[in-house]
Amino acid sequence: MAKDPVRVLVTGAAGQIGYALVPMIARGVMLGPDQPVILHMLDIPPAAEALNGVKMELVDAAFPLLKGVVATTDVVEACTNVNIAVMVGGFPRKEGMERKDVMSKNVSIYKSQASALEKYAAANCKVLVVANPANTNALILKEFAPSIPEKNITCLTRLDHNRALGQISERVGVQVSEVKNVIIWGNHSSTQYPDVSHATVISEGAEKAVKSLVSDDEWLKGEFIKIVQQRGAAIIKARKLSSALSAASSACDHIRDWVLGTPEGTWVSMGVYSDGSYNVPAGLIYSFPVTCRNGEWTIVQGLEIDEFSRKKMDATAEELTEEKALAYSCLS
Ligand SMILES: NC(=O)c1ccc[n+]([C@@H]2O[C@H](COP(=O)([O-])OP(=O)(O)OC[C@H]3O[C@@H](n4cnc5c(N)ncnc54)[C@H](O)[C@@H]3O)[C@@H](O)[C@H]2O)c1
Numbered sequence: 001m002a003k004d005p006v007r008v009l010v011t012g013a014a015g016q017i018g019y020a021l022v023p024m025i026a027r028g029v030m031l032g033p034d035q036p037v038i039l040h041m042l043d044i045p046p047a048a049e050a051l052n053g054v055k056m057e058l059v060d061a062a063f064p065l066l067k068g069v070v071a072t073t074d075v076v077e078a079c080t081n082v083n084i085a086v087m088v089g090g091f092p093r094k095e096g097m098e099r100k101d102v103m104s105k106n107v108s109i110y111k112s113q114a115s116a117l118e119k120y121a122a123a124n125c126k127v128l129v130v131a132n133p134a135n136t137n138a139l140i141l142k143e144f145a146p147s148i149p150e151k152n153i154t155c156l157t158r159l160d161h162n163r164a165l166g167q168i169s170e171r172v173g174v175q176v177s178e179v180k181n182v183i184i185w186g187n188h189s190s191t192q193y194p195d196v197s198h199a200t201v202i203s204e205g206a207e208k209a210v211k212s213l214v215s216d217d218e219w220l221k222g223e224f225i226k227i228v229q230q231r232g233a234a235i236i237k238a239r240k241l242s243s244a245l246s247a248a249s250s251a252c253d254h255i256r257d258w259v260l261g262t263p264e265g266t267w268v269s270m271g272v273y274s275d276g277s278y279n280v281p282a283g284l285i286y287s288f289p290v291t292c293r294n295g296e297w298t299i300v301q302g303l304e305i306d307e308f309s310r311k312k313m314d315a316t317a318e319e320l321t322e323e324k325a326l327a328y329s330c331l332s
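Residue 14 in UniProt numbering sits at position 14 of the sequence shown; the count goes up by one each step and never skips.
Shown next, in the form of structure tokens:
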């Protein structure tokens with residue numbers, strides 16, 4: 001018997017990530033090839049015409065799994081009965097703007113969209129925040145949607161995770177699918193800590209530690225970390241636009257693994273509400289290694305943290321604590 005459609009909200013759907021993301025969702029990349037979907041797309045009035053153009057293209061693409069499209073600038077209509085919300089819409093930093101000004105714009109967007117989700121989304125709606133500052137936008141969303149369980153509010157660091165897998169696969173000369181268990185700790189920003197201490201590669205049929213295969217600690221603790229941290233800037237330099245297809249693809253990976261589960265023995269990185277694991281301050285949205293089962297994520301426990309990692313994990317936590325304070329100062 002055919003499954004009931006799942007309603008997926010994409011905010012900022014007329015933007016460049018939105019344009020890459022909605023066809024992936026409509027093709028089953030996010031929720032599987034047998035899961036029908038109804039897409040809810042939200043954008044702001046100046047983008048209404050472009051949003052309607054995206055809707056026309058979705059109709060023209062004749063996706064068999066796509067059972068309906070809501071394209072709107074009304075946040076209530078957009079949020080009504082959605083099961084999954086992918087929050088891509090936000091206010092970008094423009095030249096000459098102070099950090100606080102950008103934060104203030106996004107805090108007010110995420111505060112009002114949180115209220116709409118809380119009131120109108122389906123019970124147990126899962127939320128993924130993509131728009132930057134992703135961790136702190138997710139935290140504000142959590143604060144202003146108190147009836148949505150905190151476990152349901154996450155932010156995207158899977159792109160950084162996938163970037164780390166990609167770099168290791170190129171360095172070792174294996175398929176990316178043979179690399180697993182890298183970790184992104186912390187903020188989706190240049191203070192994030194891409195950590196390969198526990199990562200492995202399948203090589204000649206056996207699982208081997210990335211550290212021993214790469215056998216170049218200087219590179220792993222230096223250039224590798226920098227490349228992953230600054231990959232977003234490198235894409236902007238090359239494309240004159242920020243990453244979109246990889247961001248959209250990793251948003252699908254994030255939701256797919258969360259809903260359908262991570263493979264046995266594999267973890268992924270997700271920005272989730274910290275419970276104090278690994279001495280990360282509780283009450284931040286911080287990227288941890290997680291496994292997922294039955295639609296729930298669990299932080300991987302018991303990984304050994306050396307002194308180098310500790311420092312990097314603390315530095316990115318500190319930045320998030322500062323961002324949190326800045327965001328709260330915008331509320332008053
Ligand atoms: N977490 C990550 O890994 C990651 C990766 C890449 C980009 N990003 C972030 O994702 C966001 C989107 O990137 P993009 O390249 O698609 O940007 P974009 O500017 O092309 O699109 C953003 C869209 O959001 C819309 N928007 C603005 N305010 C809105 C609101 N209040 N409600 C609904 N829609 C609104 C805009 O009209 C626009 O269509 C940015 O904040 C970017 O920094 C995050």
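Backbone N, C-alpha and C fix where the C-beta goes; we use that ideal spot for every residue, glycine too.
Just the Cα atoms here: how many angstroms apart are residue i and residue j?
i           : j      : result
residue 343 : Glu77  : The requested residue 343 is not part of the displayed model; the chain covers only 1 to 332.
Asp306      : Glu95  : 39 Å
Ser242      : Pro92  : 11 Å
Lys100      : Ala138 : 17 Å
Pro64       : Arg27  : 8 Å
Val259      : Thr266 : 15 Å
Leu245      : Gly53  : 19 Å
residue 351 : Ser269 : What the structure shows of the chain is the stretch from 1 to 332, and residue 351 is not part of that stretch, so it cannot be assessed.
Leu9        : Ala85  : 5 Å
Thr298      : Lys3   : 27 Å
His40       : Ile17  : 15 Å
Leu156      : Ser215 : 30 Å
Glu322      : Ala61  : 45 Å
Val70       : Ile38  : 8 Å
Val196      : Lys211 : 7 Å
Asn135      : Gly186 : 9 Å
Lys312      : Glu150 : 26 Å
Glu218      : Lys226 : 12 Å
Met87       : Ala206 : 40 Å
residue 334 : Ala47  : The structure shown does not extend to residue 334, since the chain spans only 1 to 332, so no value can be given for it.
Ser169      : Asp74  : 44 Å
Asn83       : Tyr19  : 20 Å
Ser203      : Arg310 : 29 Å
Leu254      : Leu128 : Checking the displayed sequence, the identity of residue 254 turns out to be His instead of Leu. Each residue's Cα considered, the two are about 8 Å apart.
Met30       : Ala325 : 34 Å
Val176      : Ser329 : 42 Å
Pro45       : Lys111 : 19 Å
Asp275      : Val59  : 43 Å
Asn81       : Gly32  : 20 Å
Glu143      : Thr154 : 13 Å
Arg239      : Leu284 : 33 Å
Tyr286      : His188 : 9 Å
Out of the options, which one is the CA nearest neighbour of residue i?
i      : options                           : result
Ile148 : Ala116, Val179 and Val174         : Ala116
Pro146 : Asn132, Ala134 and Lys119         : Lys119
Asp183 : Thr291, Pro5 and Gly173           : The sequence given here places Ile at residue 183; Asp does not occur at that position. Ile183 has its Cα closest to that of Thr291, out of Thr291, Pro5 and Gly173.
Gln113 : Arg231, Cys79, Asp257 and Asn135  : Cys79
Lys221 : Ile202, Ala199 and Pro194         : Pro194
Arg293 : Thr262, Ala282 and Thr321         : Thr262
Met56  : Gly68, Gly295 and Lys237          : Gly68
Leu21  : Phe288, Gly232 and Ser250         : Ser250
Thr316 : Phe288, Lys237 and Ser332         : Phe288
Lys180 : Lys105, His188, Arg158 and Thr191 : Arg158
Ser332 : Lys208, Met103 and Asn152         : Met103
Phe224 : Lys237, His161 and Glu207         : His161
Gly12  : Leu66, Gly32, Ala131 and Ala238   : Ala131
Glu296 : Lys126, Glu49, Pro5 and Val59     : Lys126
Gln230 : Lys142, Ser190, Leu128 and Ile153 : Ser190
Asp279 : Ala209, Ile255, Arg7 and Glu304   : A small fix is needed here, since residue 279 is Asn in this sequence, not Asp. Taking only the C-alpha atoms, the option nearest Asn279 is Glu304.
Val228 : Arg163, Arg256 and Val272         : Arg163
Met1   : Asp34, Val172, Val29 and Pro23    : Asp34
Ile25  : Gly166, Arg7 and Tyr286           : Arg7
His198 : Gln301, Asp314 and Leu66          : Gln301
Leu66  : Leu320, Glu319, Pro23 and Ala50   : Pro23
Val107 : Ile140, Ala121 and Asn152         : Ile140
Is there at least one non-hydrogen atom of ligand 3 closer than 8 Å to the beta-carbon of residue i?
i      : result
Trp267 : With respect to small molecules bound, the structure shown includes ligand 1 and not ligand 3.
Residues passing the C-beta test against ligand 1 heavy atoms, cut-off 6 Å: Thr11, Gly12, Ala14, Gly15, Gln16, Ile17, Gly18, Leu42, Asp43, Ile44, Ala47, Val88, Gly89, Gly90, Phe91, Pro92, Ile109, Val130, Ala131, Asn132, Ala134, Leu156, Leu159, His188, Ser242, Ser243, Ala244 and Ala247
Entirely enclosed beta strand (DSSP E) segments - the region 172-244, minimum 3 residues: 183-185, 193-195, 200-203 and 206-209
Minimum length 4: unbroken alpha helix (DSSP H) runs contained in the region 88-162: 99-120 and 134-143
Runs of alpha helix (DSSP H) wholly within the region 52-84 (minimum 4 residues, chain order): Runs of the alpha helix (DSSP H) lying entirely within the region 52-84, each at least 4 residues long, are 75-79 in chain order.
Complete beta strand (DSSP E) runs within the region 269-297 (minimum length 3 residues, chain order): 285-293
Inside the region 13-46 only - alpha helix (DSSP H) runs reaching at least 4 residues: 16-26
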